[in-house]
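Q: Residue numbers (the numbering used here): 6 to 298. In this text, a Cβ means the ideal position worked out from N, Cα and C, and glycines have one as well. Just so you know, these numbers come straight off a predicted model, no measurement behind them.
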Amino acid sequence: MTYCCGILVRDGIVMIGDTRTNAGLDNISTFRKLHLFEEPGKRVMALASAGNLSVSQTVVSLLSEGVVIPETGERRRLADAPTMFEAAQLVGLAVRTVYETDAKLMKDSEINFDVSFLFGGQIEGRRLRLFMIYAAGNFIECTTDTPYLQIGEHKYGKPILDRAVHYESDLYDALKINLISMDSTIRSNLAVGMPIDIAVIRRDALAIELNYRIMPGEPYFTDLRERWSAALREAHIAIPSPPYATSPIETASIPEPIDAAPPRTGAHANAANMQLTAGQPAAKVLQQQNLKP
Numbered sequence: 006m007t008y009c010c011g012i013l014v015r016d017g018i019v020m021i022g023d024t025r026t027n028a029g030l031d032n033i034s035t036f037r038k039l040h041l042f043e044e045p046g047k048r049v050m051a052l053a054s055a056g057n058l059s060v061s062q063t064v065v066s067l068l069s070e071g072v073v074i075p076e077t078g079e080r081r082r083l084a085d086a087p088t089m090f091e092a093a094q095l096v097g098l099a100v101r102t103v104y105e106t107d108a109k110l111m112k113d114s115e116i117n118f119d120v121s122f123l124f125g126g127q128i129e130g131r132r133l134r135l136f137m138i139y140a141a142g143n144f145i146e147c148t149t150d151t152p153y154l155q156i157g158e159h160k161y162g163k164p165i166l167d168r169a170v171h172y173e174s175d176l177y178d179a180l181k182i183n184l185i186s187m188d189s190t191i192r193s194n195l196a197v198g199m200p201i202d203i204a205v206i207r208r209d210a211l212a213i214e215l216n217y218r219i220m221p222g223e224p225y226f227t228d229l230r231e232r233w234s235a236a237l238r239e240a241h242i243a244i245p246s247p248p249y250a251t252s253p254i255e256t257a258s259i260p261e262p263i264d265a266a267p268p269r270t271g272a273h274a275n276a277a278n279m280q281l282t283a284g285q286p287a288a289k290v291l292q293q294q295n296l297k298p
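(1) Take residue 215 as the anchor and find which of 17, 139, 6 has the nearest alpha-carbon.
(2) Give the DSSP-derived three-state secondary structure of residue 118 in the structure shown.
(3) Could you please give me the residues that DSSP links to residue 34 through a beta bridge?
(4) Would you decide whether residue 81 is buried or exposed? Buried here means 16 or more other CB atoms lie within 10 Å of its CB.
(5) Tell me, please, whether the stretch 83-96 touches the stretch 124-136 by the rule of three or more beta-carbon pairs shorter than 8 Å.
(6) With DSSP as the reference, identify every bridge partner of residue 217, one or two as the case may be.
(7) Spell out the partners DSSP gives residue 146 in its beta bridges.
(8) Just the C-alpha distance for residue 66 and residue 247, rounded to the nearest angstrom, thanks.
(9) Distance check for residue 14 and residue 210, CA to CA, integer angstroms please.
(10) Taking 8 Å as the threshold (C-beta atoms), are residue 101 and residue 202 in contact?
(11) Taking residue 122 and residue 96 to be in contact with their CB atoms under 8 Å, please state how far apart those CB atoms are, rounded to whole angstroms.
(12) Taking all protein chains shown into account, decide if residue 193 is buried (16 or more other Cβ within 10 angstroms of its Cβ) or exposed.
(13) Where does residue 8 sit, in a helix, a strand or coil, going by DSSP?
(14) For residue 241, count the other beta carbons within 10 Å of its own beta carbon; 16 or more makes it buried, fewer makes it exposed. Which is it?
(15) In the DSSP assignment, the beta strand (DSSP E) including residue 61 goes from what residue to what residue?
(16) What three-state label does DSSP hand residue 246 in the structure shown?
(17) Would you call the stretch 172-191 and the stretch 150-163 in contact, with 3 or more CB pairs under 8 Å?
(18) Nearest-angstrom Cα distance between residue 108 and residue 118?
(19) Quick check on the burial criterion: 16 or more other C-beta atoms within 10 angstroms. Buried or exposed for residue 153?
(20) By a C-beta neighbour count over all protein chains shown, 10 Å radius and 16 as the cutoff for buried, is residue 20 buried or exposed?
(21) Can you give me the C-alpha to C-alpha distance between residue 168 and residue 76, rounded to a whole angstrom?
(22) Do you know how far the Cα of residue 148 is from the Cα of residue 3?
(23) Which ranges would you report for the alpha helix (DSSP H) in the stretch 157-209 if only whole runs of at least 4 residues count?
(24) Under the rule that 16 or more other beta-carbon atoms within 10 Å means buried, what is residue 73, buried or exposed?
(25) Between residue 39 and residue 9, is the Cβ-Cβ spacing less than 8 Å?
(26) Classify residue 52 as helix, strand or coil using the three-state DSSP reduction.
(27) Are the beta-carbon atoms belonging to residue 308 and residue 224 less than 8 Å from one another?
(28) Our contact map puts residue 33 next to residue 179 with C-beta atoms below 8 Å; I'd like the distance itself, whole angstroms only.
(29) Who are the near neighbours of residue 35 in its chain, counting only those whose CB is closer than 8 Å to its CB and skipping five residues on each side?
(30) Look at the Cβ atom of residue 99, then the Cβ atom of residue 44, and state whether they are nearer than 8 Å.
(31) Would you kindly report the start and end of the unbroken alpha helix (DSSP H) that includes residue 211?
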C-alpha cells in the first residue's frame, strides 16, 4: 500500500510520498514513488504514484523516453508538453498504453491493473496546477475549494487536511500539515512506511525548491510526531466528559398492542376465551362471560 498527498496553496505545491512497497507480509521493499522532472527556468513537474509498481515504473519510463501518439505515430515526452493540461493528458495516455500491452497478461495471472498518480507543476508562462490521474487515464484537477489530492491509503491522513489546510496556507505550513497527515497514516497502517520523500515547488520559480528524503529517526519528523501525539492527548483531556450518564433518560411510552382480529361469537368465542383464560376456575371464566354454570 502507498500514501501520497499533494497540497496546492497560493504560494506553491507540496508533494509527499512514502516509499514502502509490499508483495505480502514477508516481502517488503523500499522504492521511490515521487518522481521529479525539471528544466530550470522553463518547467518543473512532480509525479507521485500509487498502485502496482511495475505499471507505475513503466509509465514513468514512457514519460521520460516518449509516449507514442496514436494519431501521428510520433513520440512525445513530458519535456515536450506546452501546457500542464497537455502534460496531464500525456500521463493518461501513458497509462492507457501500458494497459493495452499488459492488462490482459496481468488478468491471466490474476493481477489487478491498479495505478493512480498525482501530477503537479508549472510551465513557463502558464499557471501552477495539480491533477489526480486514474487507472483509466482520465483525471481531475485540484481547486482552491479543496486544495489537496490524495492517492493510496488516504483515509487516515484526511481529517487533518480537512481541518487545517486551505488555499491561503503558508507553503511550509502546508508541508507541516502534510507531514502530520503522513504520520497519522503510518501509525494506522503498517503497509505505509518510511523513508518519506517530499518536494516543494514555489509558484513561478520554475525549479524544485526542496527535494528531501526523511529517514527513520530524522530529528524534525520525530519531534513532530511526538508533539502531535502529545497535543492530541492534551486536547482529549481538556474536553469535558459527556454529560449523558448523569442526565435523566427520556423514554417514549410504548403503545398497547391492538388486536386486529374480529370478535368471535358463539361456541368458537367460548372456546377461544377458555384458551385465553386457561388456569382460571371455570366458574370465574363463565362469570367473566356473563354466563351461568
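A: In this structure, then:
(1) 17
(2) coil
(3) 26
(4) buried
(5) yes
(6) 203
(7) 136
(8) 56 Å
(9) 14 Å
(10) no
(11) 6 Å
(12) exposed
(13) strand
(14) exposed
(15) No beta strand (DSSP E) contains residue 61, which is instead part of the alpha helix (DSSP H) from 58-70.
(16) coil
(17) yes
(18) 6 Å
(19) buried
(20) buried
(21) 46 Å
(22) The structure shown does not extend to residue 3, since the chain spans only 6 to 298, so no value can be given for it.
(23) 163-169, 176-193
(24) exposed
(25) yes
(26) strand
(27) Any property of residue 308 remains undetermined from this structure, which presents the chain solely from 6 to 298.
(28) The Cβ separation is near 30 Å, so there is no contact.
(29) 24, 25, 26, 200
(30) no
(31) Premise fails: residue 211 is in no alpha helix (DSSP H) and is neither H nor E.
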